[in-house]
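Protein chains in written order, with my numbering: chain A, 607 to 722; chain B, 6 to 119.
C-beta: ideal position from N, C-alpha, C; glycine also.
Source: prediction; values computed, not measured.
Contents: one structure, followed by commentary.
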């Protein structure tokens, strides 16, 4: 299993440009999510999905769109990039096995995005 | 919003020393997770603690969940250079499910000097 994969690894955008960060997992996990990690801010949830066709907003959703057409893929779209979106973006997936606690989040390697 | 405060934010010690990292909140969590992140990589789960007062050991790492399930600690015995990294705690506000119920602390940057 490749686990959670993310592309690209690095990206530089100009203000106003749009782009899609790709995320795929091959573990058949129901849950997928997108985080951004900024110095001194920790990991903050952008959007998440509990299954194909179902998405919801996290803590910092403004400026980002997501869709989940398949179990495997969960792309994150930046509609009009702004310098405030300069960050490291992590995709994660998890399996809900009916446990009494939150299951392991499996993180991808991240995409480092710079918006000029 | 449930907040998780981690302390210290930065810690640099010599190889062989012991250390403790704290994760505190005023809120009760159904479970708490500890992740470790190395530069250029995503976080990797170390442990999940579920029961108040629970203690889990992972080789030289000892994790404890507070009796009231509001806080947790990570103790490393005889630190090694390979322990260097960012340690994150994450509290789950409800049982089951995924990322929507997780609150992450800001992390502790740990450097072990040879």
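For residue i, the three-state DSSP class (helix, strand or coil)
i             : result
residue 690/A : helix
residue 87/B  : helix
residue 657/A : strand
Neighbour list for residue i in chain B, Cβ cutoff strictly below 8 angstroms
i             : result
residue 647/A : 111
Partner residues on chain A for residue i, Cβ-Cβ distance less than 9 angstroms
i            : result
residue 13/B : Simply none; closest approach about 14 angstroms.
residue 66/B : In chain order: nothing, as chain A lies at least about 17 angstroms away.
residue 63/B : Ordered by position in chain A, no residue passes the 9 angstroms Cβ test against residue 63/B, which lies about 14 angstroms from the chain.
Neighbour-count burial assignment, residue i, 16 or more Cβ in a 10 Å radius
i             : result
residue 30/B  : buried
residue 632/A : exposed
residue 113/B : buried
residue 724/A : Since the first and last residues shown for chain A are 607 and 722, residue 724/A lies out of range.
residue 621/A : exposed
residue 717/A : buried
Contacts that residue i makes with chain B (C-beta to C-beta distance below 7 angstroms)
i             : result
residue 579/A : Beyond the ends of chain A as shown, which are 607 and 722, falls residue 579/A; an answer cannot be given.
residue 696/A : 47
Those residues which DSSP pairs with residue i across a bridge
i             : result
residue 29/B  : 10/B, 76/B
residue 616/A : 718/A
residue 650/A : 642/A
residue 113/B : 92/B
residue 68/B  : 61/B, 79/B
Under 8 angstroms from the C-beta of residue i: neighbouring residues of chain A
i            : result
residue 93/B : 648, 649
Heavy atom of the ligand ATP within 7 angstroms of residue i beta-carbon
i             : result
residue 710/A : This structure simply doesn't include the ligand ATP, nor any ligand for that matter.
Within chain A, partners of residue i - CB distance below 7 angstroms
i            : result
residue 8/B  : Within 7 angstroms Cβ-Cβ: nothing; residue 8/B doesn't reach chain A, min ~10 angstroms.
residue 16/B : Near residue 16/B there are no residues of chain A at all, since even the closest Cβ is about 16 angstroms away, more than 7 angstroms.
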